[in-house]
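All remarks here apply to the structure that follows.
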Amino acid sequence: MRRAHLAAVLVALTLALVACSSGAVAPTGPVNLSQETLKAIGLGADWNWKKQAAPLQLGVTHTQESLDPEEPAQARDRGVAVLKNNGAIWQNVHLMGFGTLNPEPAPGQYDWSTLDQRMKLVKDTGGRTVLTLCCSPDWMKGGAPGETDWSQLETAPEPAHFDDFAALAAQAVQRYPQIERVLVWNELKGFYNSALNRWDYEGYTELYNKVYTAVKAVRPDVQVGGPYVVMTSLDPGSPDSSDVRGPWGVADQRALDVVDYWLANNVGADFIAVDGGTATRNDTVAAPADAAARKFADLTAWIRQRSPLPVWWAEFYPDVPSGEDGGPTSQASAASTLAVLAAYAQSGVSVALLWGPQGADLGFSALWTDSTKSDGGRPTPLTAPWQWLVPRLAAGDVSVGHSPNLPMLAFRAPDGLLLVNLTAKPIELTGTESLPPWAVLLSPRVP
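For the sequence shown, the working numbering assigns the number 96 to the initial residue and increments by one for each residue that follows.
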């Protein structure tokens, strides 16, 4: 009877939190776990419980297709419901590209139509607004006025047009009073100096300083951050390795140099933004998933040694081990994403933004399936645990624990518990059923 009850619970959970490609809508509320399971897992002091170091606000970045008006109505409505229901505190949109058109095709000629749509989506779903000030109109980077060559989207503006881009940024924050934060540029696109084998952090910082000054002149209340560099991981022994390393690999010194230069030379900043994934450049992914996720805690600690500013992970990519399928409907991706959130909570990250909440073919978790399809907009394996964590991590009331002898982690709040199997293998428990691979178990009972 006891084993049959647990099996039923686990089957229900697996069906609820595994990708909903079958069309069934996953519940967003907690599912009871049996006392036998909780007893077998333990969850005592030996789990090394650590209360989150600071409130953590989770958000999303809308990309090329994300609940746009032309999507099938029912699919879009389902996705909107996911987003409204603790889907994100912050919602990030780009000035140009990633779902928005050229806002200034020619000097002084503006087209805000698609950015208007994205801003309305953020308002309608109750989000707080972040604007990523990337990318730039063609005439700022050598193109002809009035034309947009999307193949050149990631080309940086020419230094002679840095003031023009800063003026456009000022126009945007004035037009949209809802904007509270801005990220200056995106991953230093177009700022790599191949001849020197390093980032052109001088050029980027010059652009950043002009944008910061222009934005603060018209909206001093808007908080501005950078440098939004990719914190690349390398395998041990690779060229450009730094002294920052862990089970996840070695940090690329060239990315660390960007942060150091920007901190020393910016005219002002309200937060530090970076991004990265768990895989190395050679696609090595540490196991279990919390070993890979430790990268984010280690690099956050490195940043905190240099600045007291709030740390934002503007993008993060939890890769899955070789042999596992990653993607919006992947249970492995969901569990790996939760391992990263645990690292953020323990290391005091302030904001983390999930890139592309609308399921696509990127190989990472999303919050709803592709709503450009009539059967889309449905919850994914990440949806329920993410929605459960959003308000609790923001309140600062979550403790994170790691099992001393099982590949598991847990999030514990005053009103519930979230358990994660960090591996592709079942976890055998004494006196009860095993936990399925990559299981994500949510319970309102706190032992």
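The C-beta atom is built at its ideal place from N, Cα and C for all residues, glycine as well. None of these values were measured; they are calculated from a predicted model.
query, result
"Secondary structure, beta strand (DSSP E): runs of 3+ residues fully inside the segment 262-318", "274-279"
"Cβ-based burial, Thr525 [other Cβ within 10 Å; buried from 16]", "exposed"
"Classification of Ala304 by the beta-carbon crowding that lies within 10 angstroms, buried from 16 upward", "It is Asn, not Ala, that sits at residue 304 in the sequence shown. Counting Cβ neighbours within 10 Å, Asn304 comes out buried, since at least 16 surround it."
"Cβ pair Trp343, Val369 closer than 9 Å", "no"
"Same chain only: Cβ atoms within 6 Å of Ala382, ignoring 5 sequence neighbours per side", "Pro416"
"Buried versus exposed, by CB contacts within 10 Å (16 or more), Cys115", "Low per-residue confidence applies at Cys115: pLDDT is 35, beneath 50, and the placement is therefore not dependable enough to give any value."
"Same chain, Cβ closer than 7 Å to Thr250, neighbours up to 5 away in sequence not counted", "Lys236, Gly285"
"Pair within 9 Å by beta-carbon distance, Val306 and Ala346", "no"
"Three-state secondary structure (DSSP) of Ala359", "helix"
"Between the CA atoms of Pro403 and Val435 - distance to the nearest angstrom", "22 Å"
"Nearest-angstrom Cβ-Cβ length linking Pro476 and Ser425, presumed shorter than 8 Å", "7 Å"
"Spatial distance of Leu135 from Gly496 (CA atoms)", "It is worth fixing the name first, because residue 135 is Ala in this sequence and not Leu. If I take the Cα positions, the gap works out to 16 Å."
"Sequence ranges, alpha helix (DSSP H) only - wholly within the segment 189-232, length at least 4", "208-219"
"The segment 267-282 in contact with the segment 307-317 per 3-pair CB rule at 8 Å", "yes"
"Where Arg260 falls: helix, strand or coil (DSSP)", "With the sequence shown as reference, residue 260 is identified as Phe, and Arg is not the correct amino acid for it. Residue state, collapsed to three classes: helix."
"Close Cβ partners of Leu449 (< 6 Å) along its chain, the five nearest in sequence each way excluded", "Val155"
"Distance, Ala392 Cα to Gln441 Cα", "7 Å"
"Proximity below 9 Å, CB of Val353 to CB of Tyr412", "no"
"Bridge partner(s) assigned by DSSP for Gly344", "Gly341"
"Residues that Ala368 bridges to, as DSSP identifies them", "Pro322, Trp407"
"Which of helix, strand or coil DSSP assigns to Gly174", "helix"
"The beta strand (DSSP E) enclosing Gln441, as first and last residue numbers", "Element bounds for Gln441: not the beta strand (DSSP E) but the alpha helix (DSSP H), 426-442."
"Supposed close pair Arg376, Ser328 - CB separation, criterion 8 Å", "7 Å"
"Three or more C-beta pairs below 8 Å linking the segment 215-228 and the segment 274-285", "yes"
"Simplified DSSP assignment, three categories, for Ser460", "coil"
"From Pro423, Ile398, Leu216, Ala437, residue whose alpha carbon lies closest to that of Ala386", "Ala437"
"Residue environment, Leu291, which counts as buried when at least 16 other CB atoms sit within 10 Å", "exposed"
"Span of the beta strand (DSSP E) around Ala505", "503-508"
"Identified DSSP bridge partners for Ile522", "Leu530"
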